[in-house]
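Residue numbers (this note's numbering): 2 to 142.
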(Lines of atoms letter the chains of each structure in order from A and count residues from 1; the text may use other names and numbers.)
(Lines give C-alpha, C1' and ligand atoms only; values in the text may rest on other atoms or scores of the structure.)
Protein backbone atom coordinates (compact mmCIF):
# COMPACT_ATOMS: atom_id res chain seq x y z
CA UNK A 1 0.00 0.00 0.00
CA UNK A 2 2.77 2.46 0.91
CA UNK A 3 4.54 1.72 -2.38
CA UNK A 4 1.38 2.67 -4.31
CA UNK A 5 1.08 5.91 -2.34
CA UNK A 6 4.73 6.66 -3.04
CA UNK A 7 4.25 6.15 -6.78
CA UNK A 8 1.18 8.41 -6.81
CA UNK A 9 3.06 11.10 -4.87
CA UNK A 10 6.07 10.85 -7.19
CA UNK A 11 3.89 11.22 -10.29
CA UNK A 12 2.03 14.16 -8.72
CA UNK A 13 5.24 15.98 -7.82
CA UNK A 14 6.68 15.20 -11.24
CA UNK A 15 3.64 16.74 -12.95
CA UNK A 16 3.70 19.83 -10.76
CA UNK A 17 7.39 20.56 -11.25
CA UNK A 18 7.42 19.61 -14.95
CA UNK A 19 4.44 21.88 -15.63
CA UNK A 20 5.79 24.83 -13.67
CA UNK A 21 9.27 24.31 -15.10
CA UNK A 22 7.95 24.33 -18.65
CA UNK A 23 5.98 27.54 -18.07
CA UNK A 24 9.06 29.19 -16.53
CA UNK A 25 11.11 28.14 -19.57
CA UNK A 26 8.78 29.46 -22.25
CA UNK A 27 6.99 32.39 -20.61
CA UNK A 28 7.76 35.58 -18.72
CA UNK A 29 4.37 35.73 -17.01
CA UNK A 30 5.94 35.06 -13.59
CA UNK A 31 8.45 37.93 -13.69
CA UNK A 32 6.29 39.87 -11.21
CA UNK A 33 6.67 37.05 -8.65
CA UNK A 34 10.45 37.42 -8.69
CA UNK A 35 10.35 41.21 -8.68
CA UNK A 36 8.25 40.95 -5.50
CA UNK A 37 11.35 39.45 -3.86
CA UNK A 38 13.42 42.44 -4.99
CA UNK A 39 14.87 41.22 -8.28
CA UNK A 40 14.89 43.63 -11.21
CA UNK A 41 12.69 42.72 -14.17
CA UNK A 42 15.74 42.00 -16.34
CA UNK A 43 17.24 39.72 -13.68
CA UNK A 44 13.88 37.98 -13.27
CA UNK A 45 13.67 37.39 -17.03
CA UNK A 46 17.18 35.93 -16.93
CA UNK A 47 16.40 33.70 -13.93
CA UNK A 48 13.08 32.26 -15.11
CA UNK A 49 14.56 29.85 -17.71
CA UNK A 50 17.16 28.72 -15.16
CA UNK A 51 14.42 28.14 -12.61
CA UNK A 52 12.45 26.27 -15.27
CA UNK A 53 15.40 23.97 -15.98
CA UNK A 54 15.89 23.37 -12.27
CA UNK A 55 12.19 22.57 -11.82
CA UNK A 56 12.34 20.04 -14.67
CA UNK A 57 15.47 18.49 -13.17
CA UNK A 58 13.71 18.23 -9.79
CA UNK A 59 10.68 16.66 -11.51
CA UNK A 60 12.79 14.00 -13.20
CA UNK A 61 14.85 13.35 -10.10
CA UNK A 62 11.80 12.75 -7.93
CA UNK A 63 10.16 10.55 -10.55
CA UNK A 64 13.26 8.39 -11.05
CA UNK A 65 14.89 8.33 -7.61
CA UNK A 66 13.56 10.68 -4.93
CA UNK A 67 16.40 11.63 -2.61
CA UNK A 68 15.41 13.11 0.74
CA UNK A 69 17.45 16.28 0.13
CA UNK A 70 15.67 16.83 -3.20
CA UNK A 71 12.28 16.37 -1.51
CA UNK A 72 13.20 18.94 1.13
CA UNK A 73 14.28 21.34 -1.63
CA UNK A 74 11.06 20.69 -3.59
CA UNK A 75 8.88 21.36 -0.55
CA UNK A 76 10.77 24.54 0.38
CA UNK A 77 10.88 25.82 -3.18
CA UNK A 78 7.17 25.17 -3.76
CA UNK A 79 6.33 26.84 -0.43
CA UNK A 80 8.32 29.96 -1.37
CA UNK A 81 6.82 30.00 -4.86
CA UNK A 82 3.30 29.82 -3.42
CA UNK A 83 4.16 32.47 -0.83
CA UNK A 84 5.50 34.76 -3.57
CA UNK A 85 1.92 35.26 -4.71
CA UNK A 86 1.03 36.92 -1.39
CA UNK A 87 4.27 38.89 -1.36
CA UNK A 88 3.40 40.14 -4.85
CA UNK A 89 0.06 41.40 -3.53
CA UNK A 90 -2.26 38.56 -4.52
CA UNK A 91 -4.90 37.31 -2.06
CA UNK A 92 -4.03 34.65 0.52
CA UNK A 93 -6.16 32.04 -1.25
CA UNK A 94 -3.56 32.01 -4.06
CA UNK A 95 -1.13 30.61 -1.47
CA UNK A 96 -3.68 28.23 0.04
CA UNK A 97 -4.67 26.94 -3.40
CA UNK A 98 -1.07 25.87 -4.00
CA UNK A 99 -0.57 24.09 -0.68
CA UNK A 100 -0.56 20.67 -2.36
CA UNK A 101 2.52 21.76 -4.35
CA UNK A 102 4.63 21.84 -1.20
CA UNK A 103 2.68 19.37 0.98
CA UNK A 104 3.06 16.48 -1.47
CA UNK A 105 6.88 16.51 -1.34
CA UNK A 106 6.62 16.55 2.47
CA UNK A 107 4.27 13.56 2.39
CA UNK A 108 6.67 11.66 0.15
CA UNK A 109 9.54 12.58 2.46
CA UNK A 110 7.62 11.18 5.44
CA UNK A 111 6.88 8.00 3.48
CA UNK A 112 10.58 7.61 2.62
CA UNK A 113 11.63 8.14 6.25
CA UNK A 114 8.99 5.63 7.37
CA UNK A 115 10.31 3.08 4.85
CA UNK A 116 13.86 3.50 6.14
CA UNK A 117 12.76 3.08 9.76
CA UNK A 118 10.68 0.03 8.83
CA UNK A 119 13.62 -1.56 7.00
CA UNK A 120 15.97 -0.81 9.91
CA UNK A 121 13.47 -2.26 12.37
CA UNK A 122 12.93 -5.29 10.14
CA UNK A 123 16.69 -5.86 9.87
CA UNK A 124 17.04 -5.62 13.65
CA UNK A 125 14.24 -8.12 14.13
CA UNK A 126 15.78 -10.45 11.55
CA UNK A 127 19.15 -10.33 13.27
CA UNK A 128 17.52 -10.93 16.66
CA UNK A 129 15.42 -13.82 15.37
CA UNK A 130 18.48 -15.43 13.76
CA UNK A 131 20.27 -15.39 17.09
CA UNK A 132 20.90 -18.83 18.54
CA UNK A 133 20.73 -18.63 22.36
CA UNK A 134 22.68 -21.88 22.72
CA UNK A 135 25.74 -20.14 21.27
CA UNK A 136 26.02 -18.15 24.44
CA UNK A 137 24.99 -20.87 26.89
CA UNK A 138 28.50 -20.79 28.37
CA UNK A 139 27.73 -17.35 29.81
CA UNK A 140 25.02 -18.63 32.12
CA UNK A 141 27.01 -21.69 33.25
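Just so you know, even glycine gets a beta-carbon here, dropped at the ideal spot from N, CA and C.
On a predicted model such as this, the values are computed, not experimentally measured, just so you know.
Three or more beta-carbon pairs drawn from the stretch 60-67 and the stretch 14-31 are found closer than 8 Å, and the two stretches are therefore classed as touching. DSSP, read as helix, strand or coil, puts residue 28 in coil.
Excluding five sequence positions before and after residue 80, the CB atoms of its chain that fall closer than 6 Å to its own CB belong to 103, given in chain order.
In the structure shown, the three-state DSSP call for residue 95 is helix. Under the three-state reduction of DSSP output, residue 106 falls in the helix class. By the neighbour-count criterion, in which 16 or more other beta carbons inside 10 Å mark a residue as buried, residue 3 falls on the exposed side.
In the structure shown, the three-state DSSP call for residue 37 is coil. If you check the CB distance, residue 89 and residue 33 come in under 7 Å.
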